[in-house]
Each structure stands twice: as C-alpha cells, then as structure tokens.
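Report on the following structure.
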Amino acid sequence: MPEDREWPRFLPRIGAKIRVIYGSAVDVDEVFRESRSKWKRMVRKQEEVLGRSLNAGEVPEVLKDHPEAIQLRIEVAKTVRAMVQNLRLKAGYSDDDHSYALAKTWEREPKTKHFQSPVDDSLVRKE
C-alpha cells in the first residue's frame, strides 16, 4: 500500500486483486542446520572469551559486527530469498532482480523522510 494513503491504509482498495500463495512446508531444521551450528560455535567461543554463559537470544557485542557473523547472516538471508524466489516463479511472477539482495542496493536511499525508492519506485516514508 502507498505510505501516504489515508485510513484504512492497511486494507486493499475495493476491487483490488489479492493473491495469497503458500509453498510446500520447509524442514527448517534441515535447511538451517549448518548455519545454526556455525552460529552456536561462534557464540560458544565468545562465551569462553567472556568467561560466562549468555542468555538465550543474547548476542555478544563482538558478533554484531564480526565479519564471520555478518557473512553467516548474508548466507541465511540468501537461503530465505531463494525460497521466496521459488514461490515467485511458481506463482508466475518474473525472476527477482538479484541486486535487491545486496545491502549496497539499499544504502543509496536518500536521507529525507519521504522519497521514491530508487529500487522499485514505491513511495517510502521514514518515521
């Protein structure tokens, strides 16, 4: 929906075509097993350095900007995007632009609060 649309912005307009697409179930444990084990190894290593165990969901400060952790997040995002891409193709949509998966694509956003996206021409409103 356009960001500047008045109430009820979250509802589609009358007569709008809506498609809901469900894919086949994904075995998340199998798909992300390697990524999870890499992440757990990195966290364990940081726990040893810190000398204490971390709470579930607590991310060590070092891993927020660590190159290996960043690469792992990129790999996970690519895996998810590939699954969504399969749904797009099955639904009859065209192949997604691969540049959308790159953070560099989204870094070019203007600093203003309202602007038209350089990627897909949608209207963006930052709060």
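If you're matching positions, the sequence shown starts at 3 in my numbering and goes up one per residue. Backbone N, C-alpha and C define an ideal beta-carbon position, used for all residues, glycine too.
Per the coordinates, the alpha-carbon of residue 72 lies some 28 Å from the alpha-carbon of residue 25. Distance between residue 86 and residue 79, taken at the CA atoms: about 11 Å. The C-beta distance from residue 37 to residue 74 rounds to 6 Å, short enough to meet the 8 Å contact threshold. Here the C-alpha atom of residue 54 lies approximately 43 Å from the C-alpha atom of residue 89. Between residue 97 and residue 104 a beta carbon distance of about 16 Å is seen, past the 8 Å cut, so the two are scored as non-contacting. Rounded to whole angstroms, residue 69 and residue 51 show a C-alpha spacing of 17 Å. For residue 30, the enclosing alpha helix (DSSP H) has its first and last residue at 30-33.
Counted as a single uninterrupted DSSP element, the alpha helix (DSSP H) harbouring residue 74 occupies residues 69-92. In this structure, the beta-carbon distance from residue 11 to residue 93 does not fall below 8 Å.
Along the length of the segment 6-60, whole alpha helix (DSSP H) runs at least 4 residues long occupy 30-33 and 35-52, reported in chain order.
In this structure, the straight-line span from the alpha carbon of residue 30 to that of residue 100 is close to 23 Å.
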